[in-house]
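Note that my numbering has the sequence shown beginning at 6, numbered continuously upward. No residue lacks a Cβ here, since even glycine has one placed at the ideal position from N, Cα and C. See below for the structure under consideration.
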Amino acid sequence: MCGIVGYVGDKESAPILVSGLKKLEYRGYDSAGVAVVNRNTLNVVRATGKLKNLENRVSQEVPKGTIGIGHTRWATHGRPSDENAHPHSYKGVAVVHNGIIENHLALKEELRAKGHIFSSETDTEVFAHLISDELERGVDLVEAVRLAIKQVKGTYALAVVTASDPNRIVATKDSSPMVLGLGQGQNFVASDVPALLEHTRDFVYMEEGDLAVVTAQSIDIYNRQGQKVNRPTRRIDWTPMMAEKGGHKHFMHKEIWEQPRAVADTLRGRMLLSEGDIHFEGWNLSPEKVRSLSKVTILACGTSWHSGVAGKHMIETLARIPVEVELASEFRYRDPIVDGTHLAIAISQSGETADTLAAFKEAKARGATSMAICNVIGSAMTREAEFSVLTNAGPEIGVASTKAFTTQLVALYMLAVKLGRMRGTLTVKQAQEHLTHLTEIPKMIEDVLKCENSVKRVAREFMTAQDFLFLGRGPMHPVALEGALKLKEISYIHAEGYAGGEMKHGPIALIDEKMPVVVIAPKQPHVAYEKIIGNIEEVRARGGKVIAIIDEDDEHVASLADHVVRIPPACALLAPVVATIPLQLLAYHVAEMRGNDVDQPRNLAKSVTVE
Ligand code: AGP
């Protein structure tokens, strides 16, 4: 996610802001900037690319002033560029923002009608215009921010300074983190603790809807109702490295636990519940075009390929279009059969995977319509695609993909609903039911994360195993593949994922008392559930150890397995989102117990930009 830093005190703010932003670099970004107020003058300096570029600009003409705000941007709306970098400013008001304004287009239209001219493609710039409008009406900065927030739908951590009120930073948040740092004769705001640890260990975590007025001498906090409130001051004793991981030992663990928020951010603003439909910004397929599609070809590698396999079940079930899920590295060397009635979907966290990009270009060259499901706006694949659906998971630092996978799954499910509605294979009512299932997923992920201690017990028992087998059927087959990949890539234990029905065609020869077998066995779809129980019996009959991922209320399979991890029951096509979480945790804890470098496992790169 983006990074925010703000300072007000008795020192020059620019160096403090840049230094704080550098502590947030790990979060990933593509541009940065600072806004400094000196007497009644606002000075904004921004630069695309690495922070070094901003540092160079700031050093050429250090913006003077003891109050300012800074930002590192992870682009969600509008490509990485100087114009789209934060802070955004308008008529002496400067803002930095983490989050998404869902109604930014409507607000921009209203503001343009009043003569406002926008200089960026971003949603954030709207805040500067709204606040400036309110100030021109004569209210003070605090009231102006409050009135602006009331017009916005979405999520935000927002910090504001203005030339006309040079002693105060106003900060407010809803669904995106913001902390206040307490100093002597100086105070701070930031999106995350690491930015401020060199200055203070005393922090106040703002709560949803809070608004803070920060001066060099004081911090006043008001709740959503405008009442002054006291929030507890917390002493943070983390090391800077621990702080970057939010107190988690590894980025991967942090990212596993971020999944409720990541999935919620991926769904946000896209589910039209009353209409039973999906809104994808930039969608450019007409109903006629969608109805003329004869095939969807998914192109991906690794974990992204696994989400494609799950997506096949979703799209074929809800939209009744044949889907082929192609290993990108194989697709392009096979003289593939592609034509103008095909939709090619590249799935990629990084948007830079060489094999996927090459296959994607090949499919386009042969006439396919092109779409990307990607986590990085401005990446090669989003530039290559006719349109993209962003997964909004925020930067994924750990090499082993976790939140990218689950956000890809919900993006594919939304796509399946949209295609189904456009092809008439889903009624409004049916689509509304599917969307209702989607809204329940973030909470289900939160619930399933509570299984971590039972997963740790399993990890401890099997951390020295030489081999693992993962079995799943139907929508759980890609979950078995993903569980095996997670385990092998960070624990270095040989692990295979298999369709349960394939057991008797070979893998069963592997089963003995040394072989732990993870069986993913939610009750839905029922036919797969009944069959996977047969697999469990086959494994037990040969002395294999069964670790079963089962619904909370399933006592039958619990009586058959050596270990169980219970998950909340989800509808069949969304069950992969929930069932994968215990497997991510299993891989993480086995690797951690084996003393491996979980975030940077041997031989692997986060983005495979070479073939
Ligand atoms: C997944 O944990 C691995 N890091 C790897 O398989 C990854 O999914 C694959 O390289 C594809 O990367 P992408 O999603 O960025 O295209």
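What are the residues that DSSP puts in a beta bridge with Met685? Examination of residue 685 is not possible in this model, given that the chain is present from 6 through 616 alone.
Those runs of the alpha helix (DSSP H) which lie wholly inside the region 242-266 and span at least 4 residues: 245-249, 256-262
Taking the DSSP output, what are the residues bridged to Val330? Ile303
Can you give the Cα-Cα distance for Gly477 and Ala217, rounded to whole angstroms? 50 Å
DSSP state of Val524 mapped onto helix, strand, coil: strand
Simplified DSSP assignment, three categories, for Asp344: coil
Euclidean distance between Cα positions of Leu431 and Arg296: 13 Å
Let me know the secondary structure DSSP gives Cys456 once reduced to three states. helix
Distance cut-off 7 Å: Thr361 Cβ against heavy atoms of ligand 1: yes
Can you tell me whether Leu304 sits near ligand 1, meaning its C-beta is under 7 Å from at least one heavy atom of the ligand? no
Closer than 7 Å: is that where the CB of Val613 sits relative to any heavy atom of ligand 1? yes
Rounded to whole angstroms, what's the CA-CA distance from Ile342 to Thr614? Just pull it up for me. 26 Å
Tell me the residue span of the alpha helix (DSSP H) that contains Phe392. Segment 392-395 is the beta strand (DSSP E) holding Phe392; no alpha helix (DSSP H) there.
Using the Cα positions of Leu332 and Gly8, report the straight-line distance between them to the nearest angstrom. 35 Å
Please state whether the Cβ-Cβ distance between Gly38 and Ala80 is less than 8 Å. no
Rounded C-beta distance between Ile378 and Ile402? I'm assuming under 8 Å. Incorrect: roughly 20 Å between the Cβ atoms, too far for contact.
Would you list the residues sitting across from His531 in a DSSP beta bridge? Paired residue(s): none; His531 is not in a bridge.
Going by alpha carbons, who is nearest to Val157 out of Tyr534, Leu112, Ala390, Ser169? Leu112
Rounded to whole angstroms, what's the CA-CA distance from Val603 to Ile226? Just pull it up for me. 39 Å
Verify whether the separation of the beta carbon atoms of Ile586 and Leu443 is less than 8 Å. no
Three or more C-beta pairs under 8 Å: does that hold for the region 573-582 against the region 356-376? no
So, for Lys528: in the same chain, excluding its five sequence neighbours on each side, which residues have a beta-carbon less than 7 Å away from its beta-carbon? Tyr534, Asp556, Asp559, Pro574
Cβ of Ala409 versus every heavy atom of ligand 1: is any distance shorter than 7 Å? yes
Mind checking which residues open and close the beta strand (DSSP E) that includes Tyr227? 224-227
Restricting to runs no shorter than 4 residues, where is the alpha helix (DSSP H) found entirely within the region 57-124? 109-118
Quick one: is the Cβ of Val582 within less than 7 Å of any heavy atom of ligand 1? no
First and last residue of the uninterrupted beta strand (DSSP E) at Arg240: 238-240
Ala416, enclosing alpha helix (DSSP H) - first and last residue: 408-428
Decide if Ala542 is buried, meaning its Cβ has at least 16 other Cβ atoms within 10 Å, or exposed. The question names Ala, but residue 542 in the sequence shown is Glu. Looking at its Cβ environment, which holds fewer than 16 other Cβ atoms inside 10 Å, Glu542 is exposed.
Under three-state DSSP, which class holds Thr46? strand
Mapping the DSSP letters down to three states, classify Asp472 as helix, strand or coil. strand
Could you check whether Ile552 and Val523 sit closer than 8 Å to each other, using their CB atoms as the reference points? yes
With a threshold of 6 Å on Cβ separation, who are the neighbours of His4 within its own chain once the five nearest residues in sequence on each side are excluded? Shown here, the chain extends from 6 to 616; a query on residue 4 therefore has no answer.
If you reduce the DSSP assignment to three classes, tell me which class Val41 lands in. strand
Start-end ranges of the alpha helix (DSSP H) lying completely within the region 136-167, minimum 4 residues: 146-155
Can the beta-carbon of Gly75 be found closer than 8 Å to that of Val101? yes
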